[in-house]
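Asker: The sequence shown lines up with residues 1236 to 1537 when you count with the working numbering.
Positions of the beta carbon are idealized from the N, C-alpha and C atoms, including for glycine.
I have a structure here, written as C-alpha cells, and I will follow up with some questions on it.
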Amino acid sequence: MTNRIKQECKQLGFDGCGIARIETLSEEMERYKQWLEAGYNGEMAYLERYTELRADPSKLVPGAKSMIVVLLNYYPKERLRLKRYKISSYAWGIDYHRVIKRKLWDLYSFIKKFEPLTEGRAFVDSAPVLEREWARRAGLGWIGKNGLLLTKRGSYNFIGELIINLELVYDKPFEKNYCGSCRRCIDSCPTGALLGNGLMDARKCLSYLTIEKRGEFEPETNLHNWAFGCDVCQQVCPWNNRARPTHVEEFNPSDEMKQLTDERLESLSKAEFKHLFKQTPIMRTGYKGLMRNIKQIKRFEQ
Ligand code: SF4
Ligand code: SF4
C-alpha cells in the first residue's frame, strides 16, 4: 500500500510525499510551550489552543498510525508589476488550502478503495498539527534557521497532511541540517524577528504584523513596504536558488493580478478588493487590513 500511495501522490501532482509513524511529540512540544510562554505568538491566541492535539495526533484520528505528509511547490513562474508595495508570493494565486485539501481527499478516496476500513483526516496549515516537524520526520527536509521546512529545492512549498489509521512503511526522518554556518535569513530579516535557533518572535515578523495583527500600528512600525506577508527570509536563502516554477497553474497570478499597479492597489474600493482577491489568501487580512497596511507604508515613507 505504501508504494501505491507514493505513486498516487505523484499522479496527483504533489512534489513530495513522505510517511511518518505517529508518535507523541514530547521534545518539540516542550520547545513550543516555551515559545508560547515567552509570548512570541503575539495576538495569535489560537496557537495556545489544542496543545494536547498537537502533541498527540492520535487524538485527532482515533487509532492513528501514519502521517502522510505532502509538499506542493508554489514558486510562481510569473511576477507582479508592483514596485512600491510587496505581496508575499504564496498569495499571488488561488488559496492553497482548497487546492491541497482537494488533492488530499482524492488521495484518501484512493486509499479507501484498497483499504475500505481506513479512517483519516486531512490538514493544511491547520493549528493542531506541527507540520514542519512532521515533514522532517517523514524525511522531506530539515527545518532551517528561518523556521521553514527546507528541501534541496528550497522552501517555496505548501505542506499538507493526511492522518490515517493504517500501518505503512515509514520513511527515515531527515536528521541532517544543511544550513551549516549560513545565517543570511537571520541577518536579512528587516525586523530582527529570527532568533537564530529556528524560532521566531512572531510579534516582530512582518508576516504576522501585516496579516494576523488586529487594530492600528504604533506610528514607528516600519512594514518595509510589505503590504501582505514577507518573503525576505526565503528570498535570501541560497537553497531557493534551486527553486523551480510551480506546475500548478492556479498558484500563478491571474492576468488581472499581473496588471495590478501601486496606484490601483492604493485606491482599491472594497468591491474591487473582493473581485481581485476573492480566491487568494489575501482575503485573510480583509479589505480593512490591507488598506491599513498600505496606509502604514505611506505614513512611514513620509
Ligand atoms: S517573514 Fe520577513 S519579517 Fe518574518 S522572519 Fe522572515 S524575513 Fe523576518
Ligand atoms: S538562509 Fe541560510 S541559514 Fe537561513 S534557512 Fe537558508 S540556508 Fe538556512
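1. Figure out for me which residue from V1471, K1294, K1387, L1317 has the closest Cα to the Cα of N1412.
2. Below 7 angstroms, is the gap between the Cβ of V1471 and the nearest heavy atom of ligand 2?
3. Counting pairs of beta carbons, one from the segment 1483-1497 and one from the segment 1310-1321, are three or more of them closer than 8 angstroms?
4. Just to check, is the beta-carbon of K1380 closer than 7 angstroms to a non-hydrogen atom of ligand 2?
5. For E1243 and G1298, I'd like the C-alpha separation in whole angstroms.
6. In its own chain, which residues sit with a C-beta less than 6 angstroms from the C-beta of R1256, not counting the 5 before and 5 after it?
7. Quick one: what's T1386 bridged to in DSSP?
8. I want to know whether the segment 1517-1534 touches the segment 1356-1365 - three or more CB-CB distances under 8 angstroms.
9. Quick one: does the C-beta of C1417 sit closer than 7 angstroms to a heavy atom of ligand 1?
10. What do you get for Y1325, buried or exposed, if any count of 16 or more other CB atoms within 10 angstroms of its CB means buried?
11. To the nearest angstrom, how far is the alpha carbon of N1400 from that of I1335?
12. Using only the heavy atoms of ligand 1, determine whether one of them is closer than 7 angstroms to the beta carbon of C1414.
13. Is DSSP giving E1396 helix, strand or coil here?
14. For K1294, collect the residues of the same chain with a Cβ closer than 7 angstroms to its Cβ; drop the 5 residues on either side in sequence, then sort them by chain order.
15. Where in the segment 1336-1381 do unbroken runs of the alpha helix (DSSP H), each at least 4 residues long, occur, reported from the N-terminal end onward?
16. Select from K1347, L1339, P1408, S1344 the residue whose C-alpha is nearest the C-alpha of R1371.
17. Quick one: what does DSSP say L1441 is sitting in, helix, strand or coil?
18. Just verifying my parser: in three-state terms, what is the DSSP assignment at A1506?
19. Compute the Euclidean distance between the alpha carbons of N1432 and M1279, then round it to the nearest angstrom.
20. Mapping the DSSP letters down to three states, classify F1463 as helix, strand or coil.
21. Whose CA, out of M1526, G1464, R1449, lies closest to the CA of K1321?
Answerer: Considering the structure as presented:
1. For the purposes of this step, residue 1412 is taken as the residue at position 177 of the sequence shown. Among V1471, K1294, K1387, L1317, the Cα nearest to that of N1412 belongs to K1387.
2. In the sequence shown, residue 1471 corresponds to position 236, counting from 1. The answer is yes for V1471.
3. yes
4. As a first step, residue 1380 must be located in the sequence shown, where it is residue number 145. Checking every heavy atom of ligand 2 against the Cβ of K1380, one is found closer than 7 angstroms.
5. Here residue 1243 refers to the residue found at position 8 of the sequence shown. Here residue 1298 refers to the residue found at position 63 of the sequence shown. Taking the straight line from one Cα to the other gives about 23 angstroms.
6. Here residue 1256 is taken as the residue at index 21 of the sequence shown, counted from 1. So the list reads Y1405, once near-sequence residues are dropped.
7. Against the sequence shown, residue 1386 aligns to sequence position 151. Looking at the DSSP assignment, T1386 forms a beta bridge with G1389.
8. no
9. Your numbering for residue 1417 matches position 182 in the sequence shown. C1417 Cβ: outside cutoff for every heavy atom of ligand 1.
10. Position 90 of the sequence shown, counting from 1, holds the residue named residue 1325. Burial call: buried.
11. Position 165 of the sequence shown, counted from the start, is the residue given in the question as residue 1400. Position 100 of the sequence shown, counted from the start, is the residue given in the question as residue 1335. Their Cα atoms are separated by approximately 20 angstroms.
12. Residue 1414 sits at position 179 when you count from the first residue of the sequence shown. No, ligand 1 has no heavy atom inside 7 angstroms of this Cβ.
13. Taking the first residue of the sequence shown as 1, we reach residue 1396 at position 161. If DSSP states are grouped into helix, strand and coil, E1396 belongs with the strands.
14. Start at 1 with the first residue of the sequence shown, and residue 1294 comes out as number 59. Taken in chain order, the residues that qualify are E1287, L1288.
15. 1366-1372
16. Start at 1 with the first residue of the sequence shown, and residue 1371 comes out as number 136. Considering only alpha carbons, the answer is P1408.
17. Here residue 1441 corresponds to residue number 206 of the sequence shown, with the count starting at 1. Note: L1441 maps to helix in three-state DSSP.
18. One-based indexing of the sequence shown puts residue 1506 at position 271. DSSP places A1506 in helix when its eight states are reduced to three.
19. One-based indexing of the sequence shown puts residue 1432 at position 197. One-based indexing of the sequence shown puts residue 1279 at position 44. Their Cα atoms are separated by approximately 21 angstroms.
20. Taking the first residue of the sequence shown as 1, we reach residue 1463 at position 228. Residue state, collapsed to three classes: strand.
21. Here residue 1321 refers to the residue found at position 86 of the sequence shown. For the residues M1526, G1464, R1449, the minimum Cα distance to K1321 belongs to G1464.
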